[in-house]
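The numbering of the sequence shown is our numbering, which starts it at 20 and goes up by one.
A short worksheet on the structure shown next.
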Amino acid sequence: MFERVWRVNEEFLARKGNWLWWWWIFYFREPEAHPKQLMVLWSAKNEKKIHCNGLDAELRDDLVQRRGKTFDLDGVVAAWYYDGKKMRENYLLHRAPILVEPGRIHTDDPPTEFKELKNGFRVSLRGHDFRIGPVQKKGFYALQHRETSFLFNRFSYDICKITRAPFTSSLGKGTAYFQCVRVNAPAPPWYWGVYHFEGGGCAHYYEPHVGNTIFSNRTEESWKIPIRKHFQFFDGEKVFDNRDARVKRIDGKNPSFEVLSEGRDGKARMLVEAYSAASWKFSKNPWNRLNYNEYPCLVKEFSFKNRSGEWTLDDLGAGYGNSEHATGLLW
20 MFERVWRVNE
30 EFLARKGNWL
40 WWWWIFYFRE
50 PEAHPKQLMV
60 LWSAKNEKKI
70 HCNGLDAELR
80 DDLVQRRGKT
90 FDLDGVVAAW
100 YYDGKKMREN
110 YLLHRAPILV
120 EPGRIHTDDP
130 PTEFKELKNG
140 FRVSLRGHDF
150 RIGPVQKKGF
160 YALQHRETSF
170 LFNRFSYDIC
180 KITRAPFTSS
190 LGKGTAYFQC
200 VRVNAPAPPW
210 YWGVYHFEGG
220 GCAHYYEPHV
230 GNTIFSNRTE
240 ESWKIPIRKH
250 FQFFDGEKVF
260 DNRDARVKRI
270 DGKNPSFEVL
280 SEGRDGKARM
290 LVEAYSAASW
300 KFSKNPWNRL
310 NYNEYPCLVK
320 EFSFKNRSGE
330 WTLDDLGAGY
340 GNSEHATGLL
350 W
């Protein structure tokens with residue numbers, strides 16, 4: 020069922036700049052005002068050096084080594100944790116051999132693990148265990164896979180994702196989102212968000228773009244041209260899919276993000292408000308760097324309308340999630 024999650028393509032990772040990662044984010048439900056969140060990432064990128072948040076790592080020439088069914092990737096394991104009061108930005112940030120085998124990824128120092136269980140997974144880090152599942156076998160919350168190529172197949176983007184699954188842990192319980200991504204394209208600025216509603220629904224948006232923020236670390240926008248626009252809403256029974264998403268950042272003590280979408284499946288407006296922030300600052304040189312900003316958020320307003328009716332927070336329940344706003348350009 021999950022075989023694709025554990026695949027390592029040696030030929031893909033042999034090409035300079037290509038990137039592979041596994042990424043979990045956990046949305047807790049407490050404390051109510053500012054719910055906890057935790058993100059953990061195992062990442063391998065074909066680069067000689069990695070500079071991020073004070074980590075300076077020189078990677079070996081043979082990024083991938085194979086021993087039988089086990090792949091040894093020279094990479095980085097990273098995590099941040101918002102504990103309900105304080106953001107622990109570099110909760111984990113270590114260069115480490117990432118060992119990938121059928122049904123399991125792990126590092127020895129620091130000790131971390133991502134392992135397949137019967138209809139679910141276990142994630143372990145910093146002495147905490149997360150039991151994730153059951154994962155749906157079909158439908159919107161089942162494992163999804165999509166491959167995209169562009170610019171005459173020069174660049175590609177391959178994603179496996181689980182949009183929502185319940186979890187329990189020593190830190191609390193809630194719902195989680197997962198993605199495994201293989202990409203061989205430059206990383207431009209983007210907006211992204213995934214939100215889980217208490218009643219079982221979900222909303223997702225994505226808007227990579229070029230604009231003035233490609234040239235600086237500042238988040239203020241004077242212009243942008245979307246590369247792709249996508250908005251999805253799942254009410255617990257049916258998926259509504261628009262190839263349109265217009266995201267606006269509203270700065271304040273903590274930023275808010277307004278998302279507008281209009282398409283064949285309906286018209287949406289969503290307003291989310293951050294209550295904390297984490298930032299990963301990647302740099303290769305002054306012109307080749309990326310600020311990857313993540314914001315734990317609550318949904319403040321939501322509406323989706325079409326011929327069938329209208330959905331609001333009164334129908335869906337409280338919304339929890341994370342919004343990303345990346346600036347710069349990394350290649």
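Just so you know, even glycine gets a beta-carbon here, dropped at the ideal spot from N, CA and C.
Because the structure is a prediction, the values reported are computed rather than measured.
Item, Value
"Give me the Cα-Cα distance between ASN325 and VAL142, rounded to the nearest whole angstrom.", "39 Å"
"When you compare the region 57 to 77 with the region 93 to 103, are there three or more beta-carbon pairs, one atom per stretch, that lie closer than 8 Å?", "yes"
"May I have the straight-line CA-CA distance separating ASP270 from VAL119, to the nearest angstrom?", "41 Å"
"Count the other CB atoms within 10 Å of the CB of ILE244; is the residue buried (16 or more) or exposed (fewer)?", "exposed"
"Here's the rule I'm using: 16 or more other beta-carbon atoms within 10 Å means buried, otherwise exposed. How should ALA161 be labelled?", "exposed"
"Assuming contact is defined by CB atoms lying nearer than 8 Å, are GLY347 and ASN203 in contact in what I supplied?", "no"
"Note the first and the last residue of the continuous alpha helix (DSSP H) segment covering GLU29.", "29 to 32"
"Pull the bridge partners of SER342 from the DSSP assignment, please.", "GLY212 and TYR314"
"Decide if the region 260 to 274 is in contact with the region 298 to 306; the criterion is three or more beta carbon pairs, one per stretch, under 8 Å apart.", "no"
"So which of GLY336, TYR294, LEU332 and GLU329 has the shortest CA-CA distance to GLU50?", "First, the residue type needs correcting, since residue 50 is Pro and not Glu in the sequence shown. Comparing Cα-Cα distances from PRO50 to each of GLY336, TYR294, LEU332 and GLU329, the minimum goes to TYR294."
"Quick one: which unbroken beta strand (DSSP E) runs of 3-plus residues sit fully inside the region 237 to 284? Chain order, please.", "243 to 245, 249 to 253, 258 to 261, 265 to 269 and 275 to 282"
"With DSSP collapsed to three states, give me the class of TRP306.", "coil"
"Taking 8 Å as the CB-CB cut-off, is CYS179 touching chain B?", "Among the chains of the structure shown, chain B does not appear; only one protein chain is present."
"Taking ASP80 as part of the alpha helix (DSSP H), name the residues at either end of that continuous run.", "First-last for ASP80: undefined, no H or E at that position."
"Please return the same chain residues whose Cβ sits closer than 6 Å to the Cβ of PHE140, not counting the five positions on each side in sequence.", "ILE151"
"Less than 8 Å between the beta carbons of TYR314 and SER280, yes or no?", "no"
"For LEU2, count neighbouring C-beta atoms within 10 Å of its own C-beta (all shown protein chains included) and say buried if the count is 16 or more, exposed if not.", "No statement about residue 2 is possible, as the shown extent of the chain runs from 20 to 350 and does not include it."
"Is LEU39 helix, strand or coil when you go by DSSP?", "strand"
"With DSSP collapsed to three states, give me the class of ASN231.", "helix"
"Where does ARG183 land, buried or exposed, given buried means 16+ other C-beta within 10 angstroms?", "buried"
"Within 8 Å, do at least three Cβ pairs link the region 210 to 222 to the region 322 to 339?", "yes"
"Do the region 76 to 88 and the region 240 to 254 meet, that is, are 3 or more Cβ pairs less than 8 Å apart?", "no"
"Here's a check: name, in chain order, each residue in its chain whose Cβ is nearer than 8 Å to the Cβ of LYS67, leaving out the five neighbours to either side.", "GLU77 and LEU78"
"How about TYR311 and SER298: do their beta carbons lie closer than 8 Å?", "yes"
"Who pairs with ASP93 in a beta bridge, going by DSSP?", "PRO116"
"DSSP three-state label for TRP25, please.", "helix"
"Taking just the CA atoms, how far does LEU112 sit from TRP38?", "17 Å"
"On the DSSP letters alone, give me the boundaries of the beta strand (DSSP E) that ASP148 sits inside.", "147 to 151"
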